[in-house]
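Throughout the first sequence, residue numbering follows the working numbering, covering 884 to 1146 in sequence. A short worksheet on the structure shown next.
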Amino acid sequence: MPELPDVEEYRRFFARHAAGRSVRRVVVPDATIVRNATPRALDRALRGRTFEEPDRHGKWLVAWTDGPALLLHFGMTGDLVWSAIEPERHRHDRVILELDGGDELRYRNMRKLGGAWLAHDPDEAVAAMGSLGPDALAVKRREFHERLSRRRGQAKAVLMDQRFMAGLGNLLVDELLWQTRIHPRRRVETLDDTERDRLYETMRWILRRWVAGYGRVPRRGEWLIAVRDAGGPCPRCGGPLARITAAGRTTWLCPTCQPDPAP
DNA sequence: TCGCTTGTTGATGG
DNA sequence: GCCATCAACAAGCG
């Protein structure tokens, strides 16, 4: 369930269970999930190391040890599982961290989009994550506006681009555009100052609410994302929602609240 | 069988 | 170089 709030929840989950604990062994049933090392190299690098408090940047989880780091990206179907909660291993558990005391933290990923990377130092970690923009939850107003001013094109595509802001995904961008009443195909260069600032404020508000209140993308309440799958009406105006494709992704919007820039 | 899916990357074309 | 589109990755569901 990987949007920024989901990965932040994974980060806390990882910290709660694995921080301060040492690695007894790393088991990788499917070698292809580790993208830049062999299972043997990953095991050798992490075995005997102790996990520290993990970091998150956008949708990336960076789990540092007192030596190298394990980087996890959750794709569309990634998850973390703790053995005390779920004792049996699952066929989609791709990386299994056996920790001191016998507990296991497992990286599960059905579709194998995303994966695991090994980084020996911060430079390698940055290289593995690619060119990411600032974390969407940490970015300052001034930098947001500065970066937005350098972009052209459809709002949906710009906001989804991890090089612009790291952490905004398909669901969250639909929510953000609906909250700010901006059509997904609206070109960002046509946004006025009020709209730009509303984008920043609303992005922060949604992220904080979803991180603090849900720890994930919400499924209930007066959110666009909570009603769209049920085919429900717009929570704001009561009109029917519309489904289009924008930036190559399924996109939900309210045609009344978010007028089409080019009817 | 086909279409669809909360993500990302690389090729292609304008 | 920037932007738009699409295929590919992979696996499950209806």
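Where a beta carbon is used, it is the ideal one built from N, C-alpha and C, also for glycine.
query: Assigned exposure category for Ala-1038 - 16 Cβ within 10 Å defines buried; result: buried
query: Val-1094 to Gly-1050 span [Cα, whole Å]; result: 12 Å
query: For Met-1048 and Leu-1042, the rounded distance between their alpha carbons; result: 7 Å
query: Supposed close pair Leu-1107, Pro-1123 - CB separation, criterion 8 Å; result: Contact doesn't hold; Cβ gap of about 13 Å is too wide.
query: Cβ neighbour criterion (16 or more within 10 Å) applied to Ala-946; result: buried
query: Between the CA atoms of Arg-989 and Met-1012 - distance to the nearest angstrom; result: 21 Å
query: 6 Å Cβ shell around Ala-1040 - same chain, five flanking residues per side excluded; result: Ala-1130
query: Beta-ladder partner(s) of Ile-979, from DSSP; result: Val-910, Arg-989
query: Residues bridged to Thr-1133 (per DSSP); result: Thr-1128
query: DSSP-derived helix/strand/coil call for Arg-930; result: coil
query: Three-way DSSP call (helix, strand, coil) for Thr-948 in this model; result: strand
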